[in-house]
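What follows is a single structure, written as structure tokens, with notes after it.
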Amino acid sequence: MQDRTYAADADPGTSATVAGWVHEIRDLGGIAFLILRDTTGKIQVKIEKDELDEALVETALDVHRESVLRVEGDVEEEERAPTGVEVTPDDIEVIAPADPELPLDPSGKVDAELPTRLDNRTLDLRKPEVKAIFEIRAEVLRSVREAFRNLDATEINTPKIVATGTEGGTELFPITYFGREAFMNQSPQLFKQLMVGSGLERVFEIGPIFRAEEHNTPRHLNEATSIDFESAFYDHTEAMDACETVVKAAYEGVAGNCADELETLGLTEVFSAPEGDFPRLTYEEAIERINATGEIDDVLVWGDDLSTEAEHALGQDVGEHYFITDWPSEIKPFYIKDHDDDPELSTGFDMMHPSMELVSGGQREHRHDHLVEGFEQQGLDPGAFEYYTKMFKYGMPPHAGWGLGGERLVMTMLGLENIREAVIFPRDRQRLSP
Ligand code: ATP
Ligand code: AMO
7 MQDRTYAADA DPGTSATVAG WVHEIRDLGG IAFLILRDTT GKIQVKIEKD
57 ELDEALVETA LDVHRESVLR VEGDVEEEER APTGVEVTPD DIEVIAPADP
107 ELPLDPSGKV DAELPTRLDN RTLDLRKPEV KAIFEIRAEV LRSVREAFRN
157 LDATEINTPK IVATGTEGGT ELFPITYFGR EAFMNQSPQL FKQLMVGSGL
207 ERVFEIGPIF RAEEHNTPRH LNEATSIDFE SAFYDHTEAM DACETVVKAA
257 YEGVAGNCAD ELETLGLTEV FSAPEGDFPR LTYEEAIERI NATGEIDDVL
307 VWGDDLSTEA EHALGQDVGE HYFITDWPSE IKPFYIKDHD DDPELSTGFD
357 MMHPSMELVS GGQREHRHDH LVEGFEQQGL DPGAFEYYTK MFKYGMPPHA
407 GWGLGGERLV MTMLGLENIR EAVIFPRDRQ RLSP
């Protein structure tokens, strides 16, 4: 199969072997056309019934849409063909026939609901506008990795089967680990922190996180991709700078390398990388601004978390990516450091897209005694976290970092309505396969 020519590379005046899926069959009587589709595009195969070998005509006309064919023949220019070229076949091989009844129409002529699409992702990703999302997602991850490299961060991989949870707000998935209770990891939080005290100093990880989120929402998954960063000798403002750099790099990578995909998605005119610095609002400013919009039912007071409607009201008001800084300590996790001059105020921050939260981060508590106290205050057993806290006794530098939701980044970048559109095989309350 290595001698195969992609549809987009089949040059008129040559003979070529193309292979792909039957996108469409048009039988006009004396002549029929098979439109063959591969990852690069489409090419027309001309079946002139009187001109071609009978067996070959029969093979061509017996085939159903979405079957996989190999077609060998001469490539010619043909103005009336969808892509301006066509193949006159010398040989057609049906490599993999498709059933006449398809659960989903990859030509896109018949719309399908999201659950049907997710049940039949192989067929769904034959649609250029669906495939484009995942080409863009891959570009986002490539650009993000490059941005981390430019920041001198080292990629790490940490365990996904763990003994303890870290993110209080969300439930854990328990599993049985050789007779012991274990959990699917909610965040690489503690592991990445342990690595800033190692010889690596600055690390990143792109990997799955598992959250037993209670509700079905368009922006929560039960298995998501977290893009995590952590650096020794950074404070929270430097972590925010790195966050901004990485998010902008993702947009720039897509703007620079995904012109075709953006066009396929109809986003060429509207897509633009964020320019200028992301505004940084304190939590106090944020709640004042939200209250001033008059868009929410209950006035927010200090200490309240931001509801979805509050996030939307503020997002509309700000109108671009922004940070919310200086959150009340009591609503941030134990590992976030408080400001030295005000223990009620944390160094925690969130980075927001106008429509939702994309990132949480902050400077971390690196002093052993304060860290252990924090556990106790949040009702956690420091003993269960000893593997983590003890390393803070052997030289743990000040450090800061953040976690960015990969699917939320892609979703907000492309204006997708449901986060499931940004995952090939999403996990939600109903969905465990495929
Ligand atoms: P994360 O869960 O990672 O912190 P998030 O955007 O879900 O990110 P939260 O602080 O959990 O942030 O939630 C923000 C607000 O979103 C909550 O105050 C709540 O009103 C709303 N919210 C969160 N989860 C759900 C959910 N599962 N269903 C409906 N609303 C939710
Ligand atoms: P947090 O819990 O806010 O912070 O998660 C960080 C980011 O991950 C994404 N995210 C999700 N995306 C889809 N579905 C989910 N269920 C889901 N949960 C989280 C969001 C969110 O902003 N340890 C900290 C990070 C840190 O401080 O470094 C943490 O996990 O985009």
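Heads up, the final residue of the sequence shown is numbered 440 in the numbering used here, and it's a clean run with no missing numbers. Backbone N, C-alpha and C define an ideal beta-carbon position, used for all residues, glycine too.
Subject >> Within 8 Å, strictly: CB atoms of glycine 407 and lysine 198 >> reply: Cβ distance < 8 Å, so glycine 407 and lysine 198 count as in contact.
**OP:** Please classify alanine 159: does DSSP put it in a helix, a strand, or coil?
**Re:** If DSSP states are grouped into helix, strand and coil, alanine 159 belongs with coil.
**OP:** Classify glutamine 192 as helix, strand or coil using the three-state DSSP reduction.
**Re:** Glutamine 192: coil per DSSP, three-state reduction.
Original post:
Taking DSSP as the reference, what is the three-state secondary structure of histidine 29?
Top reply: Here histidine 29 carries a strand assignment [DSSP, helix/strand/coil].
Original post:
Would lysine 48 be called buried (16 or more neighbouring beta carbons within 10 Å of its own) or exposed?
Top reply: Per the 10 Å Cβ criterion, buried.
Subject >> Cβ-based neighbour list, threonine 331, same chain, cut-off 6 Å, excluding 5 preceding and 5 following >> reply: Result list for threonine 331: Arg286, Thr288, Phe355, in chain order.
Subject >> Whole-Å CB distance - proline 339 paired with threonine 172, under 8 Å assumed >> reply: The Cβ separation is near 7 Å, so the contact holds.
Original post:
Anyone know if the C-beta pair for alanine 233 and isoleucine 215 falls short of 8 Å?
Top reply: Residue identity differs from the one stated: residue 233 is isoleucine in this sequence, not alanine. Isoleucine 233 places its beta carbon 8 Å or farther from that of isoleucine 215.
Subject >> CB-CB length for histidine 405 against phenylalanine 235, believed under 8 Å >> reply: Contact between histidine 405 and phenylalanine 235 is absent: CB atoms are separated by about 11 Å, not below the 8 Å threshold.
Subject >> Chain-order list of residues whose beta-carbon lies under 6 Å from that of aspartate 344 (same chain, five-residue window excluded) >> reply: The answer, listed in chain order, is Ser335, Ser352.
Original post:
Quick one: is isoleucine 425 buried, meaning 16 or more other Cβ sit within 10 Å of its Cβ, or exposed?
Top reply: It is buried - the Cβ of isoleucine 425 has at least 16 other Cβ atoms within 10 Å.
Subject >> Nearest candidate by alpha-carbon position, reference methionine 419, set Pro121, His29, Leu227, Glu267 >> reply: When each option's Cα is compared against that of methionine 419, the closest is Glu267.
**OP:** Give the C-beta separation of isoleucine 37 and glutamate 54 to the nearest angstrom, bearing in mind that I take them to be a contact with Cβ-Cβ under 8 Å.
**Re:** Yes, they are in contact, since the Cβ atoms of isoleucine 37 and glutamate 54 sit about 5 Å apart, within 8 Å.
Original post:
With DSSP run on the structure shown, which of helix, strand or coil describes proline 339?
Top reply: Under the three-state reduction of DSSP, proline 339 is assigned to coil, being neither helix nor strand.
**OP:** Starting from histidine 405, follow its DSSP beta bridges and name the residues at the other end.
**Re:** Answer by DSSP bridge pairing, in chain order: Ala238.
Original post:
In terms of DSSP beta bridges, what is isoleucine 167 paired with?
Top reply: For isoleucine 167, which the question treats as bridged, DSSP gives the partners Met190.
Subject >> Check: serine 21 C-beta below 7 Å from any heavy atom of the ligand AMO >> reply: Result no, Cβ not under 7 Å from the ligand AMO.
**OP:** Please name the residue in Phe284, Ala261, Glu290 whose C-alpha comes closest to that of valine 276.
**Re:** Valine 276 has its Cα closest to that of Ala261, out of Phe284, Ala261, Glu290.
Subject >> Runs of beta strand (DSSP E) lying entirely within the region 345-398, each at least 3 residues, in chain order >> reply: Correct list: 348-352, 355-359, 362-369.
**OP:** Measuring alpha carbon to alpha carbon, tell me which of Asp346, Gln383, Leu67, Leu120 ends up nearest glycine 35.
**Re:** It is Leu67.
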